Amino acid sequence: MAAIALVQGASRGLGFEFCRNILRNKDPGAVIATCRNPADATELMNLVGQHPGKITVLKLDVNREDDVKDAAEHVKRVFGKVDLMINSSAMLHPSGKGETSLRDVSAQGIISTLTTNTVGPLIMAKYFAPLLQKGSGAFGLQPPERAKHHAGIIVNITAKVGSIGDNGLGGWYSYRMSKAALNMATRNLSIELGRSRPRVVCVSIHPGTVNTDLSRPYHSNVPKDKLFSPGYSVHCLMGIIESLNIDKTGKAYNWNGSELPW
Ligand SMILES: NC(=O)c1ccc[n+]([C@@H]2O[C@H](COP(=O)([O-])OP(=O)(O)OC[C@H]3O[C@@H](n4cnc5c(N)ncnc54)[C@H](OP(=O)(O)O)[C@@H]3O)[C@@H](O)[C@H]2O)c1
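By full-length UniProt numbering, the letter at position 211 of the sequence shown is numbered 211, and the numbering carries on one by one without gaps.
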C-alpha cells in the first residue's frame, strides 16, 4: 500500500521541507500537509501545484482540539491510515526570543509556548494514533521477525535545549520546558503505543540549528558551518526516520543519529 505521510506545521521551515523531501524521494500515495492558514502558505501552495493530486492541505491550528479531531476524521475517511506523522510546528516564545533570565518569564509566555509545543503534538497523537495503528510500515526498517514489525511512526521534532542532561547554559525557560515535556510525551506514547498490536514507533528528533524563521534572531551567533539549511537537516532526519524500528522507539535522537540524553 502506498505510503501516507502527515506533516503538522507544514506552512514553512522544516515542516514545509519535510513535505518537499517526501514528495521528491518517496513517491508516496499522499502527503497530508497541515497548517493553520493555508491561504498564507505560499510556498506550500506552490508545491501543491507542482505535485497535482499528491498533497492534501488541511487547515489545522494545533492549539484547537476541534481542528485536530476534524482533520483526523477527514484523513480516516479519505486515506484510512497514516504511516508517518511528523509534529513540526513550534514557537520559541510569543515574543520571538527566549527568556535570558527569570525577569523575562511571564505566565502567559510559558503557557502559550507549552500549549503549542507540547500539548499540540500530544493532542495530535490522541486523534491520529488509531490511524497510525493502521499504518502499513511504509516508513522505517522492518526487522526480519514479524512480531517486531511496526505500523506507523510518530516523530516529534524536539530541540537539544530540551535535554535536561545537556543543559549547562540555562535561559529559554519556556522553550526548554516545552521540549523537555514534549520528550516526556514521546516516551509515554512509546510505552502506550508500543504495547498495542500493531505497534507504533514514537521518537523525538533534534534537527540541528537550522536556517529558519524560528532561529533567525540568533543566526549571527552561529558559525556558518553549524547553521544547516532546511534541506540538509531534513535529509539527515529522513535518514534517521527510515532507519527506525520498534527497538529504537521511546528515545530522542540528534540530527546525526546519535542518542540525546533526556
Ligand atoms: N530552526 C532551528 O534551529 C530549530 C532547532 C531546534 C529545533 N527546532 C524545531 O524544529 C521545528 C520546526 O521549526 P522551524 O525551525 O521550521 O520553525 P519555523 O520556520 O518558525 O516554523 C514554525 C512552524 O510552526 C507553525 N506553527 C506555529 N504555531 C502553530 C499552531 N498553533 N498551529 C499550527 N502550526 C503552528 C508555523 O505556522 P505559521 O506559518 O502558521 O506561523 C510554522 O509552520 C520546531 O519544532 C522547532 O522547535 C528548530
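Glycine included, C-beta positions come from ideal geometry on N, C-alpha and C.
Since the structure is predicted, the reported quantities are computational estimates derived from the model, not experimental observations.
Secondary structure of residue i, DSSP reduced to three states
i	result
Met85	strand
Arg199	strand
Val7	strand
Ala151	strand
Ile205	strand
Glu65	helix
Ala138	coil
Asn183	helix
Glu99	coil
Ile241	helix
Glu17	helix
Ala252	strand
Ile164	coil
Glu145	coil
Leu227	strand
Val78	helix
residue 337	No answer is possible for residue 337: the residues shown for the chain start at 1 and end at 262.
Residues of its chain near residue i, where Cβ-Cβ distance is below 8 Å and the 5 sequence neighbours each way are ignored
i	result
Glu99	His93, Val105, Gly109, Gly171, Trp172, Tyr173 and Ser174
Leu102	Tyr173
Lys97	Pro217
C-beta atoms of residue i and residue j nearer than 8 Å
i	j	result
Ala30	Thr56	yes
Trp262	Ser163	yes
Ala33	Cys19	yes
Ser89	Gly49	no
Ala151	Gly135	yes
His206	Leu131	no
Leu14	Val161	no
Thr249	Gly194	yes
Neighbourhood of residue i by C-beta, 6 Å cutoff - its chain only, sequence neighbours within 5 removed
i	result
Ser178	Thr113, Leu114, Asn117 and Thr118
Ala138	Ala3 and Asp83
Pro143	Asn245
Nonlocal neighbours in the same chain, by C-beta distance under 7 Å from residue i, ignoring five residues either side
i	result
Cys236	Trp255 and Asn256
Lys26	Ala3
Q: For the segment 115-128 and the segment 55-71, state whether three or more C-beta atom pairs, one from each stretch, are separated by less than 8 Å.
A: Verdict: yes, contact present.
Q | Segments assigned alpha helix (DSSP H), at least 4 residues, entirely inside the segment 24-61 | A | 42-50
Q: Please determine if the segment 227-234 and the segment 180-198 are in contact, where contact requires at least 3 C-beta pairs separated by less than 8 Å.
A: The segment 180-198 and the segment 227-234 do not touch, with fewer than three beta-carbon pairs separated by less than 8 Å.
Q | contact_flag[the segment 118-132, the segment 239-253] where n(CB pairs < 8 Å) is 3 or more | A | No, they do not touch.
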